[in-house]
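Colleague:
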Amino acid sequence: MPVAESPVALKEICHWIGGSLVPGSAANVGVLWDPATGKQQGKVHFASEADVDLAIATAKTAFSDWRTSTLSRRSEILFRLRELVDANRRHIAELITSEHGKTIADAMGEVARGLENIEFACGIPTLLKGGMSEHASRGVDVYQLKQPLGVVAGITPFNFPAMVPMWMFANAIACGNCFILKPSEKDPSVSLFLAELLKRAGLPDGVFSVIQGDKVAVNCLLNHPDVKAISFVGSTPIAKYIYETATRNGKRVQALGGAKNHMLVLPDADLNMAADAAVSAAYGSAGERCMAISVVVAVGNVADPLIQAIKERVARIKVGPGSEASSEMGPLISPEHQQKVLSYIDGAPKEGAAVVLDGRHQDSIPSEGFFVGPCLLDQVQPGMRCYDDEIFGPVLSVVRTATYQQALQLINQNPFGNGTAIFTRDGGAARQFQADVEVGMVGINVPIPVPMAYYSFGGWKASLFGDLHMYGPEGIQFYTRAKVVTSRWPDPSTSKVDLGFPQVR
Ligand code: NAD
């Protein structure tokens, strides 16, 4: 276990409230690791209740003006933000890599996918158009307004410290809300840089705030009457807690949880393509993606040749610090998480699984930092911990089934329903799969089917609590309240009392 001390000066991470950095008042401080070296690189000042109250009060004050800002002004600010994020892609990626550990190339991909959401929100004048019906009754028109909710909050996970906040805040502020971000305490610096870019883009102070912290800050947001909606992305137990607590307090909630994503490989699939996809989707970002493939379901006689093809590819993966250009897979986020992932490999043989590739003992893996090499488990079954739990590390399990029906049943019986993929050359089988599978995002020969920003992202079952998916059209719906106006401008001389229920005349 590494020790939380370092001879070099530690970064101090604090809050962003009212358009500037605020030190915060709590004594509670978290350790910020450098996952590639295993050394502490900073301290994160966790917000007290008073800090969160200040952020909410500041946002509430800013809302009174921001809610009536013109659509073209909002769009202009978002366009400028788009340019600023684009110009700073590399810097954002380096911040991500230094605190999360993923490779620079992977972090650049994260920024690109986040940027899509800002681009989508640039179209806010069109997105906020309500419907209008002239002559709903004689001399009566009906139209719909989409109004902002007020102060809304986003609570985000460590694995996408730039993209997931962008999933939320771009649409939230475009709709006229004031947004408070509580990023993961494990890689919080990107959130402050994004706050700075928003200010440079011309966003008024108080419309976007960042509070660092843990459950103290989260609970304040969940319980504060001035916070109208909560967007959450993280693990399933916390998502469930967030959903239950915030809905009990009368808030609108979308809480995205964990995952166990299956990739079904039919006997007619191109095995080289399937192996490339399985390796990329299982070990990219060291498996710390909610859309990572963690289970390959090999149908019929596919398993042995597929495992062979996967082994050949894994042997060529270069594991190392994310900042080195040659690295393809970086470390895990923290020492605790590293130990947790290793425990699944330790336990797998006792449960009856076979460890085909053992990431605990690979000479090429750096000895410092929170590295675990790529692991491959075979003969995995439901009921084993390595199957039932979301491991969130570079561990790919192979489940063998005799038929497509058994494979489908396995996926549908899994409590999670975030993403899934089918690999086949049979269009009919793929079409049947997309119709029958009980999962929110489906890939056909695509292993990580993260929807584009003009669709919406979200799983089913224990992968999402709430009714609306995140970003895209459902994001606009989440961050607005509809109001329908029925309007009449009659000649006053025709006015009369009528106690009947209004109907079309
Ligand atoms: P996490 O649930 O530990 O933390 C998420 C957020 O909740 C963080 O901001 C954290 O500070 C806060 N939090 C943690 N414990 C809390 C508590 N007891 N009370 C209140 N707040 C608390 O998740 P993580 O480890 O940061 O991220 C990994 C998880 O996120 C995985 O399960 C992954 O599948 C999931 N994830 C899901 C999606 C999705 O779209 N469904 C996307 C990314 C990540």
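Residue numbers (numbering that gives the first Met the number 0): 0 to 504. Glycine included, every Cβ here is placed at the ideal spot set by N, Cα and C.
1) Counting along the chain, where does the alpha helix (DSSP H) carrying residue 218 start and finish?
2) Entirely within the segment 67–148 and at least 3 residues each: give me those beta strand (DSSP E) ranges in chain order.
3) Sorted by chain position, which residues of the same chain lie with C-beta nearer than 8 Å to residue 107's C-beta, five sequence neighbours on each side aside?
4) Can you check the segment 455–494 for any alpha helix (DSSP H) of at least 4 residues that lies completely inside it and give the ranges in chain order?
5) Among the candidates 231, 110, 113 and 297, whose CA atom is the shortest distance from the CA of residue 245?
6) DSSP three-state label for residue 362, please.
7) First and last residue of the alpha helix (DSSP H) that includes residue 346?
8) Confirm the yes/no value for this check: CB of residue 456, any heavy atom of the ligand NAD, distance under 8 Å.
9) Residue 403: which of 432, 333 and 161 sits nearest, CA to CA?
10) Given a cut-off of 9 Å, decide if residue 203 and residue 174 are closer than it, judged by their beta-carbon atoms.
11) Run the CB neighbour count on residue 184, radius 10 Å, all protein chains shown included, and call it buried at 16 or more, exposed below.
12) Just verifying my parser: in three-state terms, what is the DSSP assignment at residue 430?
13) Look at the alpha carbon of residue 458 and the alpha carbon of residue 422, and state the distance between them as a whole number of angstroms.
14) What does the alpha-carbon distance come out to for the pair residue 493 and residue 153?
15) Looking only at C-alpha atoms, which of 99, 68, 65 and 386 sits nearest to residue 34?
16) Using CA atoms only, rank isn't needed, just tell me which of 311, 36 and 304 is closest to residue 367.
17) On the three-state DSSP scale, how would you describe residue 239?
18) On the DSSP bridge list, what partners appear for residue 354?
19) Strictly by DSSP, which residues pair up with residue 424?
20) I need the DSSP call for residue 392, collapsed to helix, strand or coil.
21) Our contact map puts residue 375 next to residue 355 with C-beta atoms below 8 Å; I'd like the distance itself, whole angstroms only.
22) Can the beta-carbon of residue 293 be found less than 9 Å from the beta-carbon of residue 324?
23) Using the three-state DSSP reduction, which class does residue 246 fall into: helix, strand or coil?
24) Can the beta-carbon of residue 419 be found less than 9 Å from the beta-carbon of residue 260?
25) Could you compute how far the alpha carbon of residue 429 sits from the alpha carbon of residue 358?
26) Is the segment 222–241 touching the segment 17–35, taking contact as three or more C-beta pairs under 8 Å?
27) Heavy atom of the ligand NAD less than 8 Å from the Cβ of residue 163, yes or no?
28) Taking the C-alpha atoms as reference points, what is the distance between residue 2 and residue 341?
29) If I follow the unbroken alpha helix (DSSP H) through residue 411, where does it start and stop?
30) Can residue 207 and residue 216 be called in contact, C-beta distance under 9 Å?
31) Of the choices 460, 249 and 343, whose alpha-carbon is the least far from that of residue 388?
32) Provide the residue(s) that pair with residue 153 in DSSP beta bridges, ordered along the chain.
33) Would you check if the distance between the CB atom of residue 80 and the CB atom of residue 197 is smaller than 9 Å?
34) Give a yes or no on contact between the segment 103–122 and the segment 159–172, applying the rule of three or more CB pairs nearer than 8 Å.
35) Under a three-way DSSP split, which group does residue 33 fall into?
36) Please report the straight-line C-alpha distance between residue 0 and residue 38, rounded to a whole angstrom.
Modeller: Reading off the structure:
1) 214–222
2) 131–136 and 139–147
3) Short of 8 Å from the beta carbon of residue 107, and not among the five residues preceding or following it, lie these beta carbons of its own chain, in chain order: 88, 89 and 92.
4) 471–477
5) 231
6) coil
7) 334–350
8) yes
9) 432
10) no
11) buried
12) Looking at residue 430 - three-state DSSP - the assignment turns out to be helix.
13) 20 Å
14) Taking the straight line from one Cα to the other gives about 52 Å.
15) 99
16) 36
17) Helix.
18) 376
19) DSSP output for residue 424 lists no bridge partner at all.
20) coil
21) Between residue 355 and residue 375 the Cβ distance is about 4 Å, and since that is below 8 Å, they are a contact.
22) no
23) helix
24) Judged by their CB atoms, residue 419 and residue 260 are nearer to each other than the 9 Å cut-off.
25) 33 Å
26) With the cut-off at 8 Å, the segment 222–241 and the segment 17–35 do not touch.
27) yes
28) Confidence at residue 2 is low in this model, with a pLDDT of 48, below 50, so its placement is unreliable and the value that follows should be read with caution. Their backbone Cα atoms lie some 19 Å apart in a straight line.
29) 403–412
30) no
31) 343
32) 180 and 230
33) yes
34) yes
35) strand
36) Residue confidence for residue 0 is low, a pLDDT of 49 falling below 50, so the modelled location carries little weight; the figure read from the coordinates is stated next. So the alpha carbons of these two residues sit roughly 10 Å apart.
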